[in-house]
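Peer 1: Numbering (numbering that gives the first Met the number 0) for the sequence shown: 0 to 660.
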Amino acid sequence: MDSKAFFLAVGVWLLACASALGAGDGEAAEIDWPAAGEARVIQEAEIQRIVESHGKRLLVVNFWATWCGPCVEEMPYFAEAYREFQDQGALIVGFSTDFVDEWETAVPPFLKDKRIPYPNFVVDVDPNIMIPRFSPDWSGALPATFYYGPKGEKLGERLGKVDQETLRNDILAHLGGGGAEAAERDSSSGAIPITVRANSPLRVLAGNPVGLCMSFPSDRDNDLRERSMADAVREMRCGSLRFPMGTLAENYLWHAPGEYESAAQGLRPRVASMKMPPGDWTWAVEPDGSFKDICLDFDEFIALCRETNTEPVVMAAAHPWKFEDSRVSREQTIESAAEWVRYSNLVRGYGVRYWEIGNENDLKKIRETISKEEYLALARDMSIAMKAVDPSIEIGLGVFGTNNGEYYRDAFAFCPDQIDFLVAHQYLSGVHNFEEYGSSEATFIGVIENAIRQIEASAPANRASEIEVLVTEFGSYSPGGAWKTPDGAIDRANDIFKSLCTFEMLANAVCLDSRVRFLHFWITHSPWGDPANARDYANALSPENRLLPQGRALQVFAQFLLDGMVQAPRVAGPLRVYASASTDGKRLSVWMLNKSGAEQSAALALEGFDGAASGQIWTYAGDGPYDTNPAWGQTGAVDWSGGPIDLALPPASITVVSLAK
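1) Return helix, strand or coil for N449, following the three-state DSSP convention.
2) Does DSSP classify Q558 as helix, strand or coil?
3) Excluding the 5 residues flanking P276 on each side, which residues of the same chain have their C-beta closer than 8 Å to its C-beta?
4) Near K483, which residues of its chain fall below 8 Å by C-beta distance, leaving aside the five closest residues on each side in sequence?
5) Span of the beta strand (DSSP E) holding N198?
6) Suppose you measure from the CA of E359 to the CA of V312; what does that come to, to the nearest Å?
7) Restricting to runs no shorter than 3 residues, where is the beta strand (DSSP E) found entirely within the stretch 499-548?
8) Applying the 10 Å Cβ sphere with the 16-neighbour rule, what's the burial state of T165?
9) Please return the same chain residues whose Cβ sits closer than 6 Å to the Cβ of F517, not counting the five positions on each side in sequence.
10) Might you give, ordered along the chain, the residues of its own chain that have their beta carbon closer than 6 Å to the beta carbon of I454, omitting 5 neighbours on each side?
11) Taking the CB atoms as reference points, tell me whether I301 and Y259 lie closer together than 8 Å.
12) Taking only three categories from DSSP, how would you classify P107?
13) Are the beta-carbon atoms of N538 and Q549 separated by less than 8 Å?
14) Would you please state the rounded distance, in angstroms, between the beta carbons of P192 and A578? I believe it to be under 8 Å.
15) So for Q633, helix, strand or coil by DSSP?
16) Are the beta-carbon atoms belonging to M564 and L303 less than 8 Å from one another?
17) Helix, strand or coil for G474? Go by DSSP, reduced to three states.
18) Any contact of the stretch 153-165 with the stretch 441-448, i.e. 3+ C-beta pairs under 8 Å?
19) Return the chain-ordered ranges of every alpha helix (DSSP H) run that is complete within the stretch 383-414 and spans a minimum of 4 residues.
20) State yes or no: is the C-beta of V346 within less than 8 Å of the C-beta of M385?
21) Closest by CA to W617, which one among F556, E598, S640, G641?
22) With distances taken Cα to Cα, identify the nearest neighbour of A659 among D609, N221, S370, Y619.
23) Ordered along the chain, which non-local residues of its own chain (more than five positions away) have a Cβ less than 7 Å from that of Y81?
24) Could you tell me which residues DSSP puts in a beta bridge with N119?
25) Return the bridge partner residues of L211 from the DSSP annotation.
26) Checking the sheet assignment: what are the DSSP bridge partners for W590?
27) Looking only at its chain, what residues have a beta carbon closer than 6 Å to the beta carbon of S382, apart from the 5 residues adjacent to it on each side?
28) For W639, collect the residues of the same chain with a Cβ closer than 8 Å to its Cβ; drop the 5 residues on either side in sequence, then sort them by chain order.
Put into structure tokens, the structure is as follows:
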């Protein structure tokens, strides 16, 4: 079975539930339930029957796979919940998405080794219909959990790994005994309970993952600036910068083709084609195709990285040879990339490690320019040429991550030894205004989740643990303008609630998997439109280099990031909670994002953080969700020696508790 097939099965039965579920009468259907430690293959009709006629007060369906690390981590919680609630009317069922032709050697031994007590099935259904029907917020990434009532009515979902407290609260709530939903209902009169487990790590960080996607036409210091770009990057606490950009970088040649020996005397970057942006931008490009001095060149970018102690990530153009009136051929495109590595790492000694081949080459529009077969062949040949110059570099597949990771899967089959990391671009989808955002429990990182899943399912087994994911573009920006004002117009305000969404995407991705290395927010200063009035919500910085709300969201996360992420209940009613701890156990940071338009009370309990500690409370808040100038700063102090910390969380805000022993 295709590794994405697992979820699509349920789309059909979910649709059928709307009309057929009325037949459910609380009595269990004739279902052959596998014994503990066993499994069997299940198809569409039987999945539907389980959901419609499971015969319990609550059905909990958990999609998982033996190769999915987060799935394995959460399974003990489901096992414990099964034992606790099976006599109270709750049934937990596991749906494995392992390959059907391999399940007998993979799934039963795994279940026996883990001593999983609840019934499990292996899903064998066509994947191409179910994902969008099953849940509009589900990308198909694992794990995923869904809750159903006695007649098959859907009660809720959890996309991504759940912690033990969240799972237990969900089950209690759906059984009518409180839990997360009760906490949300009672938040006006009582505090929402939050428990952070400081000694239960989710991942150790190899370095600061917070990054920015640069805009080479608009990031050089100029007369509009009130301070330097370096000062702005330092305030955001970034760990990485991507250069030259995204789409425009496909028409960026770092130095004049064929004249690479002269690069050491001064770079002369230019466009490949005058007929593609930014070639036709007279404010940025000279008539001969060279960039004007207002544009940032590669040497200046590296100087910025060194001044700010950030890791450079460089994108080499993949398809400029396909442009009309291009100055370079396919062979010259490869040569340019290889010579860029030579200049960077051998001539200048810059030591750039991460090199991305092209930008979003799997998008439908770009596939009309360069086919999948052409791109994968180019990526292979370019990787070989670049590594011949410097074998220590890492090469990334420059795609968006569309079509359920089609290019990822095919690249691992076509050129597995030439790809060292995957690129994913994660933009907002599924919500259109503050109300929809506030009520959504989606992770908003489906493309990233799928990239990890494709590594597990398709990468060479001996390399799967070392292949990283670089999210070289992300943010709550939505191409096409999904954010809407009440009158239906495109909402471009750079306000606090959109920055909360960016923060949530960033935190969810950092917690997801240790292979998620960097996330580069798109973008610093957009080069489209009037540079003097570029305050679109896609921007981290104003023309003066002040932090806009989107840029502030990066700082709020990065400023308190410690050595690793630890367990926190991601969803606690209207709150989103994340935590980071130092490896010595002496420092702890907890972020609490209030997605609602009302103040919320929270009671923060800490486990595994023994001994007295003191610290600060910081708040990022404004005058409601649409404030374009929210405040950020320390708002209190705390001394802790045990027991809950009582907090009042402003509407549409982030509160940070920072503790040290």
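Every residue, glycine too, gets a C-beta built ideally from N, C-alpha and C.
Peer 2: So, to answer that:
1) Within the sequence shown, residue 449 is the residue found at index 450, counting from 1. Three-state result, N449: helix.
2) Residue 558 sits at position 559 when you count from the first residue of the sequence shown. It is coil, neither helix nor strand.
3) Position 277 of the sequence shown, counting from 1, holds the residue named residue 276. A distance below 8 Å between beta-carbons, with the five flanking residues on each side excluded, links P276 to the following residues of its chain, in chain order: T246, L247, N250.
4) The residue given as residue 483 occupies position 484 in the sequence shown. If we look at K483 and ignore the five residues flanking it on each side, its Cβ neighbours are H431, N432, I489, D490.
5) Sequence index remark: in the sequence shown, residue 198 carries index 199 (1-based). 191-203 is the extent of the beta strand (DSSP E) around N198.
6) For the purposes of this step, residue 359 is taken as residue 360 along the sequence shown, with counting starting at 1. For the purposes of this step, residue 312 is taken as residue 313 along the sequence shown, with counting starting at 1. Taking the straight line from one Cα to the other gives about 16 Å.
7) 515-520
8) Sequence index remark: in the sequence shown, residue 165 carries index 166 (1-based). Buried, because 16 or more other Cβ atoms sit within 10 Å of the Cβ of T165.
9) Numbered from 1 along the sequence shown, position 518 holds the residue referred to as residue 517. Correct list, in chain order: P208, G210, S239, L469.
10) The residue labelled residue 454 in the question sits at position 455 within the sequence shown. Same-chain partners within the cutoff: A463, I466.
11) Numbered from 1 along the sequence shown, position 302 holds the residue referred to as residue 301. Numbered from 1 along the sequence shown, position 260 holds the residue referred to as residue 259. No, Cβ-Cβ distance for I301 and Y259 is not below 8 Å.
12) Here residue 107 corresponds to residue number 108 of the sequence shown, with the count starting at 1. Three-state result, P107: helix.
13) For the purposes of this step, residue 538 is taken as the residue at position 539 of the sequence shown. For the purposes of this step, residue 549 is taken as the residue at position 550 of the sequence shown. Yes, the pair counts as a contact, with Cβ atoms nearer than the cut-off.
14) On the sequence shown, position 193 is the one that residue 192 refers to. On the sequence shown, position 579 is the one that residue 578 refers to. Their Cβ separation, rounded to whole angstroms, is 15 Å, which puts P192 and A578 out of contact at 8 Å.
15) The sequence position of residue 633 within the sequence shown is 634, counting from 1. Reduced to three states, the DSSP call for Q633 is strand.
16) Mapped onto the sequence shown, residue 564 falls at position 565. Mapped onto the sequence shown, residue 303 falls at position 304. It is not a contact, given that the beta carbons lie outside the stated cut-off.
17) Position 475 of the sequence shown, counted from the start, is the residue given in the question as residue 474. Three-state result, G474: strand.
18) Taking one beta carbon from each stretch, the stretch 153-165 and the stretch 441-448 have 3 or more pairs nearer than 8 Å; the two touch.
19) The qualifying runs are 405-413.
20) In the sequence shown, counting from the first residue as 1, residue 346 sits at position 347. In the sequence shown, counting from the first residue as 1, residue 385 sits at position 386. Cβ atoms of V346 and M385: not closer than 8 Å.
21) Residue numbering aside, residue 617 sits at position 618 when the sequence shown is read from its first letter. Among F556, E598, S640, G641, the Cα nearest to that of W617 is on F556.
22) Taking the sequence shown and counting its residues from 1, the one referred to as residue 659 is at position 660. For the residues D609, N221, S370, Y619, the minimum Cα distance to A659 belongs to D609.
23) Against the sequence shown, residue 81 aligns to sequence position 82. Within the same chain, Y81 has close Cβ partners I91, P116, Y117.
24) In the sequence shown, counting from the first residue as 1, residue 119 sits at position 120. G93, per the DSSP bridge assignment.
25) Here residue 211 is taken as the residue at index 212 of the sequence shown, counted from 1. Looking at the DSSP assignment, L211 forms a beta bridge with L240, F520.
26) Counted from its first residue, the sequence shown places residue 590 at position 591. According to DSSP, which records beta bridges pairwise, W590 is partnered with Y577, V655.
27) For the purposes of this step, residue 382 is taken as residue 383 along the sequence shown, with counting starting at 1. I394, Q417.
28) Residue 639 sits at position 640 when you count from the first residue of the sequence shown. So the qualifying residues of the chain are L605, A611, A612, S613, G614, L658.
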